[in-house]
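The structure appears right after this line, and notes come after that.
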Amino acid sequence: MTRLIIVCEGPTEHEFCMDVLAGELSKSDITVDAPLIKRSQGGIVSWDVLKRQIVRHLHERGAYVTMLMDYYGIKDSYNFPGWEEGKAITDKTKKIHFLFEKMKNDMPQEVASRFIPYIQLHEFECLLFSNIDVFRANFGKDEVDMGILQSAVDEFPNPEDINNTPYNAPSKRLLRASRNYDKVLYGSYLAIDIGIARIMEKCPLFNEWVTILKSINPA
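The opening residue of the sequence shown carries number 1295 in the numbering used here; numbering runs sequentially from there.
Here it is, written out as structure tokens:
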């Protein structure tokens, strides 16, 4: 079995990795650990702090390391590699791939081959728009405004494109649709209902990431 360490932004991402991703990756003989970002109470930290944790994990014998965190939460002051240069790239997917390349190139050469950079565009909640019927199934009629959710699905070509402005980010839309929505309580639970196959079908960047993880094959 290959060991994969997924450094998670917070409890929701941790639960998702262990409840949803781990089962899928086990089919490829991959075991998953999902530690939270150190020195954080839930949220992203500066690149130098995150890099130190990633490098420590990469020095654990034979371990591959990736991460699950939101693009939406990264600030200019966190100094992620290529962040300022990346602002000039208007295509969101190309921008994310550019950042992935810069992060990988910033790793020590002796461990870089086992590092798989990943940032979720724009945030974890976008994955839940892969099938909004789960909200109808898990919330009462008076607990969720399906029109708000449907308008987001209709507006964008895929869930990962849902706007990342402070008002229209996926998480903000969910909160407007349902005051009872709680990220930590419902995030992983709803993702299980949706199923990883549907999420991969609807979210191209996420699909690319999971496909790469499933293809890990140590020499």
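The beta carbon of each residue, even a glycine, is placed where N, CA and C say it ideally should be.
Under the three-state DSSP convention, the category residue i falls into
i	result
residue 1427	helix
residue 1306	helix
residue 1467	helix
residue 1297	strand
residue 1493	helix
residue 1433	coil
residue 1414	strand
residue 1478	helix
residue 1326	strand
residue 1450	coil
When the options are compared against residue i, the one with the closest alpha-carbon
i	options	result
residue 1497	1419, 1442 and 1481	1419
residue 1503	1311, 1468, 1306 and 1305	1311
residue 1366	1491, 1505 and 1466	1466
residue 1485	1296, 1300, 1393 and 1317	1317
residue 1493	1472, 1453 and 1327	1453
residue 1477	1392, 1457 and 1422	1422
residue 1425	1489, 1390, 1348 and 1459	1489
residue 1322	1483, 1449 and 1295	1295
residue 1330	1474, 1499 and 1306	1306
residue 1308	1393, 1482, 1440 and 1347	1482
residue 1313	1479, 1511, 1509 and 1510	1479
Cα-Cα separation between residue i and residue j, rounded to whole angstroms
i	j	result
residue 1332	residue 1298	17 Å
residue 1495	residue 1501	7 Å
residue 1396	residue 1436	46 Å
residue 1507	residue 1319	8 Å
residue 1491	residue 1463	23 Å
residue 1303	residue 1344	10 Å
residue 1325	residue 1386	31 Å
residue 1505	residue 1370	30 Å
residue 1342	residue 1434	45 Å
residue 1373	residue 1455	24 Å
residue 1417	residue 1337	12 Å
residue 1412	residue 1471	28 Å
residue 1439	residue 1460	20 Å
residue 1393	residue 1315	23 Å
residue 1457	residue 1449	10 Å
Unbroken beta strand (DSSP E) runs of length 3 or more, entirely within the region 1341-1390: which are they?
The qualifying runs are 1358-1362.
Across the region 1397-1406 and the region 1431-1446, are there enough close Cβ pairs to call them in contact, namely three or more that are closer than 8 Å?
At 8 Å Cβ cutoff, the stretches do not touch.
Quick test of the definition: if touching needs 3 or more C-beta pairs under 8 Å, does the region 1403-1414 touch the region 1352-1361?
Because the criterion of three Cβ pairs below 8 Å is met, the region 1403-1414 and the region 1352-1361 touch.
Under 8 Å, with one C-beta from each stretch per pair, do the region 1377-1384 and the region 1420-1431 reach the 3-pair mark?
Because the criterion of three Cβ pairs below 8 Å is not met, the region 1377-1384 and the region 1420-1431 do not touch.
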